[in-house]
Amino acid sequence: MRAAVSSGAGGPEVLSVGEIDDPRPGAGEVLLDVAATAVNRADTLQRMGHYPPPPGASEVLGLECSGRIAEVGEGVEGWKVGDEVCALLAGGGYAERVAVPVGQVMPVPPGVSLVEAACLPEVAATVWSNVFMTAHLARGERFLVHGGGGGIGTMAIQLAAARGAEVYTTAGSPETLELCRSLGATRAISYRDEDFVEVLAEAGGADVILDNMGAKYLGRNVSALATGGRLVIIGMQGGSKGELDINALLRKRASVTATSLRARPLVEKAKICCEVVENVWPLVAAGRVRPIVETTLPLDDVARAHQLMDDGGRAGKIVLTV
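See the structure below:
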């Protein structure tokens with residue numbers, strides 16, 4: 004089959020499309036004919052040699068995809084050949100076919116195209132598992148997500164607003180700030196011109212913060228928390244080592260949690276996917292939450308797609324059609 008291959012760790016130029024062996028579905032897996040996949044920040048880290056796949060996962064990039072079931076493995080029930088689905092992957096999405104544990108296969112939400120569905124699994128699973136399963140964001144609470152224009156940010160804004168939270172977000176350009184407001188952000192904060200700590204302090208502090216910056220924002224995030232606030236860190240774009248003021252946490256009775264999704268046990272990922280289908284897909288079907296596709300490119304343009312991601316300033320997801 005055709006798949007994205009790498010000549011080694013490095014910039015986007017190391018990526019091209021070549022021929023590799025077709026995967027085979029094992030027990031409890033389904034084989035998908037991939038229609039589309041999406042580019043995630045984790046893919047660029049893996050390309051640079053900083054984020055290897057977990058043991059047993061495909062070396063091919065790609066943490067989510069959409070497509071049609073081509074074959075079902077032993078013991079799989081509830082799915083048949085030809086079903087249109089999307090899937091959360093540990094790897095392998097940048098290819099014509101991928102084998103997926105059945106617990107990570109989800110139906111395409113009603114009214115969503117296969118191209119749009121390709122950019123839903125990773126962001127929906129990340130936001131739902133961290134903001135709601137881990138931080139337990141409740142109706143009426145104040146929520147802050149950094150990078151509101153990205154894939155995670157656009158999903159987090161919409162989902163938190165749809166669930167009745169008061170949503171704050173940070174972003175850069177005026178266009179991205181306006182997009183964030185259109186998606187349901189009560190307050191879109193320009194990180195170029197404003198201090199999110201001051202904005203949140205005036206509002207009473209954030210009950211939940213979803214952060215992809217890591218060390219760079221650690222101290223400021225703690226300062227922005229309300230009493231009983233929960234900070235969930237899911238990325239290290241701003242570095243991996245920072246200083247944590249334990250006294251500030253104690254005074255606020257606050258908590259800091261760091262999580263990742265890719266290497267979780269299959270049973271945990273299956274539970275997350277089940278909750279996404281139950282809680283997120285109805286909001287997508289109702290039009291209250293929608294996939295934000297910024298750019299669509301063919302798989303052959305994988306290097307260009309990664310260059311666009313590296314350049315930054317994108318609003319929404321970059322999708323590769325297969």
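Residues in the sequence shown are numbered consecutively from 4, following the numbering used here.
C-beta atoms are modelled at their ideal positions from N, C-alpha and C, and glycine is treated no differently.
Problem - Selected residue, minimal CA-CA separation from GLY95, among GLY76, THR40, ALA289 and PRO177 - result: Each of GLY76, THR40, ALA289 and PRO177 was checked against the Cα of GLY95, and the nearest Cα belongs to THR40.
Exercise for the section: Give the straight-line distance between the Cα atoms of ALA204 and ILE192, rounded to the nearest whole angstrom. Expected result: Straight-line Cα distance between these residues: approximately 13 Å.
Exercise for the section: Would you decide whether VAL270 is buried or exposed? Buried here means 16 or more other CB atoms lie within 10 Å of its CB. Expected result: The residue in question, VAL270, is exposed, as its Cβ has fewer than 16 Cβ neighbours within 10 Å.
Practice task
Select from VAL75, PRO57 and TRP131 the residue whose C-alpha is nearest the C-alpha of TRP284.
Solution key: Measuring C-alpha to C-alpha distances from TRP284 to each of VAL75, PRO57 and TRP131 identifies TRP131 as the nearest.
Practice task
Please name the residue, chosen from GLU77, GLU74, MET109 and ARG100, that lies closest to VAL88 on a Cα-to-Cα basis.
Solution key: Looking at GLU77, GLU74, MET109 and ARG100, the one whose alpha-carbon comes closest to that of VAL88 is MET109.
Problem - Nonlocal neighbours in the same chain, by C-beta distance under 8 Å from THR230, ignoring five residues either side - result: The answer, listed in chain order, is GLY208, LYS255, ARG256 and ALA257.
Problem - Which residues DSSP lists as bridging ALA71, in chain order - result: Looking at the sequence itself, residue 71 is Arg, so the reference to Ala does not match. Looking at the DSSP output, ARG71 sits in a beta bridge with ASP36 and GLU87.
Problem - Beta-bridge pairing of LEU18 - partner residues as DSSP gives them - result: DSSP lists SER9 as partners of LEU18.
Handout entry: Beta carbon of GLY76 nearer than 8 Å to that of GLY29
Key = Result yes, Cβ atoms of GLY76 and GLY29 sit closer than 8 Å.
Handout entry: Start-end ranges of the beta strand (DSSP E) lying completely within the region 168-209, minimum 3 residues
Key = You should have 169-174 and 190-193.
Exercise for the section: Tell me whether VAL296 sits in a helix, a strand or coil according to DSSP, three-state version. Expected result: Reduced to three states, the DSSP call for VAL296 is strand.
Exercise for the section: Name the one or two DSSP bridge partners that ALA41 has. Expected result: DSSP lists VAL322 as partners of ALA41.
Exercise for the section: Please list, in chain order, all residues of the same chain as TRP82 whose beta carbon is under 8 Å from its beta carbon, the five residues on each side excluded. Expected result: So the qualifying residues of the chain are VAL33, ILE72, VAL75, VAL88, VAL105 and VAL108.
Handout entry: Reduced DSSP category for SER243 - H, G, I as helix; E, B as strand; rest coil
Key = Note: SER243 maps to coil in three-state DSSP.
Practice task
Within the same chain, show all residues whose beta-carbon is closer than 6 Å to that of LYS244, passing over the 5 residues directly before and after it, in chain order.
Solution key: Correct list, in chain order: ALA218.
Problem - Distance between ASP196 and VAL103 (C-alpha atoms, nearest Å) - result: Those two C-alpha atoms are separated by around 44 Å.
Exercise for the section: Give the C-beta separation of GLY143 and ALA164 to the nearest angstrom, bearing in mind that I take them to be a contact with Cβ-Cβ under 8 Å. Expected result: That pair is no contact at about 12 Å.
Problem - Euclidean distance between Cα positions of TYR194 and GLY175 - result: Cα to Cα, TYR194 sits roughly 6 Å from GLY175.
Handout entry: Cα-Cα separation between VAL42 and ARG317, rounded to whole angstroms
Key = When the Cα atoms are used, VAL42 and ARG317 turn out to be separated by approximately 12 Å.
Handout entry: With 16 other Cβ atoms within 10 Å as the buried cut-off, status of ALA38
Key = Burial call: buried.
Handout entry: Close Cβ partners of ASP25 (< 6 Å) along its chain, the five nearest in sequence each way excluded
Key = If the five residues before and after ASP25 are omitted, its C-beta is found closer than 6 Å to the C-beta atoms of MET4 and ARG100, all from its own chain and listed in chain order.
Practice task
Indicate, with yes or no, if the ligand GDP has a heavy atom lying under 7 Å from the CB of VAL322.
Solution key: As presented, the structure is devoid of all ligands, the ligand GDP included, so that no description of it is given.
Practice task
Pick out whichever of GLY315, ALA306, VAL305 and ALA288 has its Cα sitting closest to the Cα of GLU119.
Solution key: The residue from GLY315, ALA306, VAL305 and ALA288 with its alpha-carbon nearest to that of GLU119 is ALA288.
Exercise for the section: Please state whether DSSP places SER25 in a helix, a strand or coil. Expected result: In the sequence on display, residue 25 carries Asp and not Ser. When secondary structure is reduced to three states using DSSP, ASP25 falls in the coil class, being assigned neither helix nor strand.
Handout entry: LEU221 versus ILE249: straight-line alpha-carbon distance, rounded
Key = Cα-Cα distance, rounded: 12 Å.
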